[in-house]
Amino acid sequence: MANAQDSKSSGSFSLNQDVFFGFYPQINGAYRQSGTLDWTYYGIFWTTPSFGTGGGGGLWTEFGGGVNVRTMEGKLQVNPQLGALNGKLLSNGSFPVALEGVVPNITVNLNTSRAEGQFYLGYYLAARKGEVPDAGGTGLVSAPVQNNFVHWWGNGGVKLSPVISVGLHYEALYSDPSGTSPPSAAHLYRWLGPYVQASLPNNISVRFTAGSDVMDRPATNGTDSFYKLTASYSF
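Counting from 1 along the sequence shown, just add 346 to a position and that's the residue number in this note's numbering.
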């Protein structure tokens with residue numbers, strides 16, 4: 347019975363790092379419900395100090411779950427999920443908050459003998475207002491502005507061999523604050539560049555992506571390139 351249960355379970359653990367979000371490990375898991383449907387879960391350990399309270403405290407923490415629908419004999423998979431955010435990035439207060447926001451998201455994966463691709467779309471929406479010290483320094487008031495983000499990417503490539511694949515990656519992050527007199531909505535980055543990936547028979551893969559930030563920026567802003575590295579182990 348234990349072996350039968352194990353055969354229905356799968357997952358992956360990845361170490362990710364990029365020029366904007368910094369270092370963020372992620373875990374994904376799935377349990378097969380039927381021939382075409384899985385129950386899924388995921389967690390992201392965001393470690394960027396500015397997303398928390400500094401000094402390694404109050405770090406942004408994301409956890410969620412959903413379903414994965416497998417089509418084309420598993421070559422095309424559609425995975426809608428709902429995540430919960432914990433911390434202070436969305437609520438925008440001075441203190442970390444449990445369940446400060448939600449992130450409905452969807453991931454679409456393509457994997458054939460010759461081609462690969464992925465599309466992701468997530469809407470990070472503040473669900474609670476953080477608290478900040480009042481003007482007199484005698485108490486706390488609600489933060490006037492909350493942060494919301496739309497994060498999406500698409501990539502696709504070809505498998506040059508069972509080990510090596512290459513492709514093109516586009517990714518964007520859009521800020522859409524809410525609250526009292528929030529700043530204007532605007533893109534924070536728009537990345538475009540190639541990737542190369544090595545996928546080994548022992549279920550370990552490494553992908554490096556780099557290229558240009560194609561946003562129009564002021565002449566004094568030198569953020570004109572990006573890079574990201576992902577190392578994954580599937581089990």
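Every residue gets a Cβ at the ideal spot worked out from N, C-alpha and C, and that includes glycine.
Checklist line | Own chain residues within Cβ distance below 6 Å of Ser-356, not counting five before or after | finding: Ala-376
Checklist line | Pairwise C-alpha distance: Asn-493 and Ser-524 | finding: 6 Å
Checklist line | Identity of the residue in Val-454, Gly-429 and Met-418 nearest Glu-408 by Cα | finding: Gly-429
Next item on the list: Kindly identify the DSSP beta-bridge partner or partners of Pro-426.
Entry: Ile-452
Next item on the list: Could you have a look at Ser-507 and say whether DSSP puts it in helix, strand or coil?
Entry: coil
Note to self: Relative to the C-alpha of Val-413, which candidate in Gln-379, Ser-507 and Val-512 has its C-alpha closest?
What the structure shows: Gln-379
Note to self: Quick check: what's the CA-CA separation for Val-448 versus Glu-517?
What the structure shows: Looking at the two C-alpha atoms, the distance is approximately 21 Å.
Next item on the list: Return the CA-CA distance between His-533 and Ser-521, expressed in angstroms with no decimal places.
Entry: 6 Å
Notebook entry, point to check: Taking the DSSP output, what are the residues bridged to Phe-554?
Noted result: Val-542 and Leu-575
Note to self: Which residue marks the beginning of the beta strand (DSSP E) containing Trp-392, and which one marks its end?
What the structure shows: Here Trp-392 belongs to no beta strand (DSSP E), and DSSP marks it neither H nor E.
Next item on the list: Just mark Pro-547 as buried or exposed, buried being the case when its beta carbon has 16 or more other beta carbons within 10 Å.
Entry: exposed
Next item on the list: Using alpha carbons as the reference points, say which of Leu-383, Tyr-541 and Pro-508 lies closest to Phe-554.
Entry: Tyr-541
Check: Could you give the distance in angstroms between the alpha-carbon of Ala-531 and the alpha-carbon of Pro-490?
Finding: 16 Å
Item checked: Under the three-state DSSP convention, the category Ser-437 falls into -> Coil.
Notebook entry, point to check: When you compare each of Ile-510, Met-561 and Pro-442 to Val-478 by their alpha carbons, which one comes out closest?
Noted result: Pro-442
Checklist line | Through-space distance from Thr-386 to Asp-364, alpha-carbon basis | finding: Spanning the two alpha carbons is a distance of roughly 25 Å.
Check: Just checking, does the region 497-515 make contact with the region 458-478 on the three C-beta pairs under 8 Å criterion?
Finding: The region 497-515 vs the region 458-478: in contact.
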